[in-house]
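Protein chains in written order, with our numbering: chain A, 1 to 297; chain B, 1001 to 1297; chain C, 2001 to 2183; chain D, 3001 to 3183; chain E, 4001 to 4391; chain F, 5001 to 5391; chain G, 6001 to 6086; chain H, 7001 to 7086.
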Amino acid sequence: MNYIELLDKKPDLVTPGTSACQGCPAELSLRATLKVLGENTIMCIPPGCMAGAGCVGWNFDSGLKVPVHITLLDNTAAVLTGINEAHGRDVTVAAFAGDGATSDCGFQSLSATAERGENVIYICYDNEGYMNTGFQRSGSTTKGSMTSTTPVGEVGKGKEQQKKDLPLIMAMHNPAYLATLSPSHMSDFVKKMEKAKSIKDGFVYLHIFSPCPTGWGFDGAKSIEVARKAVETNIFPLYEVDHGEYKLTVPNKNPKPVSELFGMMKKFRHVSEQGIQDVQNYVDKKYKTLQALVGQE
Amino acid sequence: MNYIELLDKKPDLVTPGTSACQGCPAELSLRATLKVLGENTIMCIPPGCMAGAGCVGWNFDSGLKVPVHITLLDNTAAVLTGINEAHGRDVTVAAFAGDGATSDCGFQSLSATAERGENVIYICYDNEGYMNTGFQRSGSTTKGSMTSTTPVGEVGKGKEQQKKDLPLIMAMHNPAYLATLSPSHMSDFVKKMEKAKSIKDGFVYLHIFSPCPTGWGFDGAKSIEVARKAVETNIFPLYEVDHGEYKLTVPNKNPKPVSELFGMMKKFRHVSEQGIQDVQNYVDKKYKTLQALVGQE
Amino acid sequence: MKEIRFHGRGGQGVVKAAHLIVDSAVQEGKFAHFIPFFGVERKGSPVFGYGRISDTKIDLKTQVYKPHCVIVMDDTLLDAIPVFDGLREDSIFIINTTKTLEELNLPDTVKKAAIVDASKIAIETIGRNIPNTAMLGAFVKATGWVSLEHVMENTDLLFGGKNPVATQTAYDEVKIYDLQGGK
Amino acid sequence: MKEIRFHGRGGQGVVKAAHLIVDSAVQEGKFAHFIPFFGVERKGSPVFGYGRISDTKIDLKTQVYKPHCVIVMDDTLLDAIPVFDGLREDSIFIINTTKTLEELNLPDTVKKAAIVDASKIAIETIGRNIPNTAMLGAFVKATGWVSLEHVMENTDLLFGGKNPVATQTAYDEVKIYDLQGGK
Amino acid sequence: MGKTIAITGNTAAALGAALSRPKVIAAYPITPQSSVVEYAASMIADGQLQSSMVQVESEHSAMSVVQGAAMAGARTFTATSAQGLALMYEPYFRMSTLRLPMVMAVAGREMTAPETIWSGHQDTISVRDAGWIQIYVEDNQEALDMIIQGYKLAEDKDVLIPVNICYDGFYISHLYEGVNIPEQSEVDAYLPPYKQEHVILDPEKPMAVDPMTPGNLVMKYRKSHLDAMQRAFAVLDKADKDFGDQFGRYYGGTVEEYKCDDADIVLITMGAMSGTAKAAVDEKRAQGVKVGLLKIRMMRPFPKQQVAKVLADKKAYAVIDKNVVFGWNTGAVYMETQAALNQLGYKIASLPVIGGLGGADISLEHMTNVIEKLEKMNKGDDEQECYWLED
Amino acid sequence: MGKTIAITGNTAAALGAALSRPKVIAAYPITPQSSVVEYAASMIADGQLQSSMVQVESEHSAMSVVQGAAMAGARTFTATSAQGLALMYEPYFRMSTLRLPMVMAVAGREMTAPETIWSGHQDTISVRDAGWIQIYVEDNQEALDMIIQGYKLAEDKDVLIPVNICYDGFYISHLYEGVNIPEQSEVDAYLPPYKQEHVILDPEKPMAVDPMTPGNLVMKYRKSHLDAMQRAFAVLDKADKDFGDQFGRYYGGTVEEYKCDDADIVLITMGAMSGTAKAAVDEKRAQGVKVGLLKIRMMRPFPKQQVAKVLADKKAYAVIDKNVVFGWNTGAVYMETQAALNQLGYKIASLPVIGGLGGADISLEHMTNVIEKLEKMNKGDDEQECYWLED
Amino acid sequence: MARDFITPKGDEGIYQIDTASWRTYKPVMDKDICVECGICLTYCPVNSIHKENEKYIIDLSYCKGCGICANECPKKAIDMVTEGDK
Amino acid sequence: MARDFITPKGDEGIYQIDTASWRTYKPVMDKDICVECGICLTYCPVNSIHKENEKYIIDLSYCKGCGICANECPKKAIDMVTEGDK
Ligand SMILES: Cc1ncc(C[n+]2csc(CCOP(=O)(O)OP(=O)(O)O)c2C)c(N)n1
Ligand SMILES: Cc1ncc(C[n+]2csc(CCOP(=O)(O)OP(=O)(O)O)c2C)c(N)n1
Ligand code: SF4
Ligand code: SF4
Ligand code: SF4
Ligand code: SF4
């Protein structure tokens, strides 16, 4: 089954009507994720847009067709561990968590779960901020970005620090499998998700880039375009680390300038040339690091 | 002043009589650290051997001659941040924390502080376990090691996972300066500490290897020998990352086999050939990663 | 004291509209407040809130059970939400709809209705289907509890652009029906 | 009920020694307990603990203020710690020291003393200065509260090696002085 | 005299904090508190507020950052709610037991589980024994004013205890109403800069902060803390009086009495519901019922004398708790009121009431129902069963 | 009938847990609890215990792991103390409000600040309103036995609330004494395997655990929780009786009365100090004083009926608290006893006492001093000032 | 189902929102232009596009009208038209 | 100093332990063999070794007798001898 057939035919395990915004790619990613992982999955979703959009449930109804639990913002990976330890039989235990829950509030729990090599799949959808509570900054927010806690004004110029590089940080934890995914590259996405599902000897970390039309300020119809641009500019390179082997799954020899992405949305509108250059340098440097890691014999 | 003169002449800012065990290199490292950082320093020490050894104080007396606070096990880096933000003038704000406080219980606070690029110095002395509470396993414990929570028996074979690579994980946080230090290489140690003190544009992370005679099971007279062996076997390579530039400060082309270190202490006594080989492979792989990072143009 | 209940959907600007009413009342030396109640706070989900306007200090901090005025920003809510609950005898029901009074088929408890196609006005003036500032015009006309001047000033301050025009247009276009004697 | 206070330093095995006494008493059908109190629990710091042996159930969960027996594993503690506090008229004071009774210059409140060079015995038998198992021999001889057989058995079980020899040696070598009539 | 504008409770809290000129702010967003952080951030971004704002990764770190700053002598501020308060519980306890004065605003929210983001007092009530002073307010103006008074209280040398200003999530945090914003100069006059003297981290005065402490001394520190708590009643009353003298708004200090003097029966409330209770009292008074309201403003320390004084000669009272005490079948304010009366030797008929959990509304009708139940009670009766305000 | 060997309280706790056959254990070391984790780890390493043990990085994760495991239907165990309990407070609250039964042992320790590692009840007392059942034990045997009974209680379909077995740090955790270790087969007979029915994470029965819940339903969940708490009294009494019938050791269920029947005055205690209090009672009885002891075993839910019943006809009582209530000048057990008596209509002379904080010793002399103070009190007198047991 | 109100759980059905009502514009596919590449299907966030009888169709039951399909279709075979029009 | 018992602090002096009493063996340096390289100084965990008048000396006031100096001395100029002897 090729990836299009798979996405077409596999049962959609998410409620047909979520309240995620129009054009939200996190919703797309969640549906695609569960199509691959299938019914023998237990899903944990911390507070964030996906939980807020009804994917956990309301009153006496569930938001998914597989077992689902809303963890605390800060303990998702630890809860996965417990579920996994308790289950005698072979069940896929996975989380679908925002970048806030992942890089900030729940990071310790994640890091320790990776260190212990628990046999669970942790998926982060990275919309670069706390969207559910109104677009506040997260560690994963790109430098310069305006957010509601890094507003722009006389003094404020958006987020001051570079984006926390969660995938590489997690790669240094030696997971069994790690990959970056973009909803703009669905074939790659499905392939990586399938590999993740097949891993039985340790921890899996997947990081999905997830542009947020509402928070970032662009038309929801462009979500995939924005995601694609992030890959094309190397702001979000697509790679995997399979038991320590790094591989660029969508190599990008001639990246476009990051300014192309910056121009697509309101959150960067105020950023100066210098500000864009700062991010460009960071992206270039990071890509070199990645190439070095790919190149190590 | 060369490093020997410095260690001789600079005031010792630690109580002359700590209750750290005979031959504890963490005590050595703490004294050396404060000789370099000097009197204009505020020190935070979380619970652990150094706090337990009296370096914070008892009743109405202090254990250091600079201001010192015992943080919680889980919030050291955040407390540093607060102290730093409150201080109008130029003060060195530093922490001296065990690997448990650093890689486990306080890791989130550390990671976030690095991400924010706070202008503080976080120093971890890595004795590969929770020594103060009786040598329980930490994330930083080497695979195979016997600890009081990974005991050896019918079923138990010591720690099951490889050592969490804190320095590389922290390097991926893009600190202003990062280095690994060993008390066996004091010239390198002092140089790095001096550089750390000079950094004014961001976060500094220093990771000190600190063999523990009591917990690991070797004669305290051999502490430095053990530390040196860790460097010679590449179990603990000495390097620095200065604003993104990786450098092996004590290059080691012909590493000794890790079995030489394993043979020096009780905690590894039970480890099989295969177990040693596992660690050897991990060490080799990690060193390659490091070389790749050093080699990136 | 006048009590108001607001109904709308996430994204329609219910809260902002209510704030503008409170702002205006406060400027006029009155007491007023608004308490929003969210379910899951995301575009499209039903949103409601409670407002009060009074000449004396308002102590109450509770939902409105017997409104003097109900504002409905989205007529698809009529089926979904009990928007008619607790209407007083002397209350006013204000709705954004393309429908006519007859098509709406309002229950008997509605004694006075104000009907306006605020979405159309919004699209024509500000270019987007955010009907809140238009609804304000209808509200002012139907109730007279705050002055049009203040509301338009505040709308201009907060949103600028053509929003005050939307308010004015709706003020002019809203149709008010006295249904005391039945529809 | 007999109450015992233990003094020593971290690393001397105070807790283990006390446990062996309790084990032995329990095996003999008695009731016994031990409560350790740590300051900062690291080699060299003063350590103390409280033990009780009784024919009936022991309810008390408190420190020992009026010991029937005080055991001091390290004579450098004599100056540092109030080891003589609360000694009963009929109590026994057991100390590990190279000093003689005269050199020790014990206060008048000590009415019975047992002196043993447990460190020397330890070094000679087990090869390390961990005097606890030797001190047990002195304790058994001086008090008779538990049997030498049990203590030696338990010592062997827990530590093995030459430890029971240390116990036996100290049992044989300890010097017991009755000081009722003054030194 | 400042100006009156309509703002939300969260904005009021942020403005109250800003007017108090904290040097360091660290906070983490959570519904319904988030806009406090956002508003403070925007004031800083606009150059209107000179504070360092630390963008922490969790509430645990928020409290830890301000603890660090406070040890270095800075005035600090944070705000949180429910899960955030729970996550910071360990450093929260330590902040108070280190006796570091500060103000933390809490937009009260029900505790998860069940999964909820709505109003409740459970978050702060459940941590009421962690050494903080807790003050509950009724509306936006009181939220703003009490943050300023909170610093006055916390930093008083007789007190030196951090203060929670608790305001109901949504019912106040999102309540939009007219609030008088005091002038900065007036606030400066009321609240001078803070100079910490009892403890400091500063190389010019090296000391250990919190060395190991044995039990006999721990007893002394705890007693000192409890004594300072008891002094807080008088200090708050004075802070209230001084504030009223300067700004024209008096709140009554530890408790507010509303038509209690000649009342036979009394409602006891805390927070936003007090406004509704006042309306109910008015309504019932109009019908000739002699009912009054005792609004507890300070829950920690618990004003047992003040409560007992008001209730002493009443026929019956009800306590409406927006929280539960899990080991009882009542709420906390009811339970502690019982304890207070017993210790002070009073026995008055009483009715425990629980309502408003998880954002449930406490309506005027609920309040009048409670009053009607009280009217029917006889002296000495105690309802053993709690009355739940369901819809 | 098992065998009697000398072990520490921590070993007793670990053995009690092991005998209960938990499927998943997750815990983090902290003085004075560490050896519980270590002993459990060594039993697993030796192949004597078939549990998964998760080596978590913090107590926050320890509680989260067992919460995950419990939702998947596993019997779980953890243990902690002081700062660890505080750090896990958010998931701790959630564990109980998700009504997931389990047992957690707590080696009671004073809370920091001041920096301390020693004994105290402050840790558990300060979180007593987080929805857990809390049982305090007096010695090692009781610690072991109550962990087994704890599962019986927690898993009862009438209860379904997690249970804390609280034992004093050092005074029990490190107390070394003879303990009878029951046979596994006997424990199996008393405590059958647990089958969770009310909630489960299992692909064969897909459901959402803890979807968003509005306030009117939150009220129902809370009421159900409080009701289950009240049922726990009877369930514990029955668990105690069944246990006694099988193992020959009865503890009295919610409270233990010691020589109360004919007593004029009564001491109220909790935990390890109860033993010392018994000795004091015996000593004073020998002198002709009619004194008894009421040992509170269950603090959550608070056994108000049982306490009132014992005190009803007494002249005076004292409560010795090894904790403080920061908003009062007393401890928690005293304060709640006052509330209980008031609600049930009793007024008895009383003396609040605080002692044993931060590892301070509560001596036999302290206890006899308290009794002597009580002897001097007259009916109806209440001491407003707390009596601090200093050295 | 009688609820016990022990642990909150969603086991009665699937919670869903009528997201079709959000649309201002709706996607209309021109079957003649469509080359059945399936791209629109892979990108629709609400799973509204499926292949039936070898043709791609848009099921509007939950379509939010985001316009991604129209934006991504390489053939521009999808048009966003105002709801109610066609 | 009168304590207020507000916040615990150590400001009266420096807490220290008499670690000299821990020694079973003590280091004895043979000045004739010593080449003044300073290595022992850099490794002594308790800061007991210093240069005075161009010579290295061991101050035994806090020396724990760990033996690191003896072990590390490249010239074997330091001997660990039983306390009390020599
Ligand atoms: C301890 C705690 N603090 C704060 C919150 C409030 N909160 C709920 S969702 C959220 C943001 C989550 O952001 P992210 O994980 O990035 O997901 P997104 O909303 O962007 O999808 C926050 C801060 C919480 N639930 N728990
Ligand atoms: C929240 C919390 N959990 C547990 C502890 C107990 N504890 C004190 S020190 C320590 C070990 C620290 O280990 P590490 O940081 O490696 O320092 P080391 O003792 O090895 O020097 C632990 C677990 C604590 N103080 N706080
Ligand atoms: S706010 Fe952003 S991430 Fe959240 S549902 Fe809307 S589009 Fe998706
Ligand atoms: S236990 Fe180890 S690390 Fe700790 S003081 Fe002793 S030797 Fe040093
Ligand atoms: S408009 Fe959006 S939701 Fe509708 S079918 Fe197209 S992609 Fe799907
Ligand atoms: S993307 Fe366009 S061409 Fe491809 S299947 Fe969809 S409508 Fe047809």
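Idealized CB from N, CA, C, for every residue including glycine.
Note that the structure is predicted; figures quoted are calculated from it, not measured.
Name the residue from the options whose alpha carbon lies nearest to the alpha carbon of residue i.
i	options	result
K4295(E)	R4099(E), Q4184(E), T4276(E) and A4228(E)	T4276(E)
D4313(E)	D4262(E), S4058(E) and Y4176(E)	D4262(E)
P151(A)	K164(A), R137(A), Q161(A) and Q162(A)	R137(A)
E3149(D)	S3024(D), F3139(D) and P3131(D)	S3024(D)
T2109(C)	D2085(C), N2096(C) and I2123(C)	D2085(C)
L4201(E)	C1212(B), V1279(B) and G1088(B)	G1088(B)
With which residues is residue i paired in a DSSP beta bridge?
i	result
C5166(F)	V5106(F) and Y5136(F)
T6082(G)	Y6025(G)
Tell me the residue span of the alpha helix (DSSP H) that contains residue i.
i	result
R4285(E)	M4273 to A4286
F2139(C)	N2132 to T2143
Note down, in chain order, every chain B residue with its Cβ under 9 Å from the Cβ of residue i.
i	result
G7084(H)	Correct list: empty, because the minimum Cβ distance to chain B is about 18 Å.
Any beta-carbon of chain I closer than 8 Å to the one on residue i?
i	result
D4210(E)	The chain labelled as chain I is not found among the protein chains of the depicted structure, namely A, B, C, D, E, F, G and H.
Could you spell out where the beta strand (DSSP E) holding residue i opens and where it closes?
i	result
D5321(F)	A5316 to D5321
N2096(C)	I2092 to N2096
M2073(C)	Where M2073(C) is concerned, there is no enclosing beta strand (DSSP E), given that its DSSP letter is neither H nor E.
S2054(C)	P2046 to S2054
I want to verify the contact list: residues of chain A whose CB lies under 7 Å from the CB of residue i, in sequence order.
i	result
Q5067(F)	V79 and G82
Short of 6 Å in beta carbon distance, which residues of its chain neighbour residue i, apart from the five on each side in sequence? Order them along the chain.
i	result
A2170(C)	V2116, A2118, I2121, A2134, G2137 and A2138
V4251(E)	Correcting the residue identity first, residue 4251(E) is Tyr in this sequence and not Val. For Y4251(E), where only same-chain residues beyond five positions count, the Cβ hits under 6 Å are D4240.
P5114(F)	none
T5011(F)	Y5039
Going along chain B in order, which residues have a C-beta closer than 8 Å to the C-beta of residue i?
i	result
Q4055(E)	R1116
Whose C-beta lies closer than 8 Å to the C-beta of residue i among residues of the same chain, with five residues either side of it excluded?
i	result
G1156(B)	T1150
T4112(E)	A4082 and Q4083
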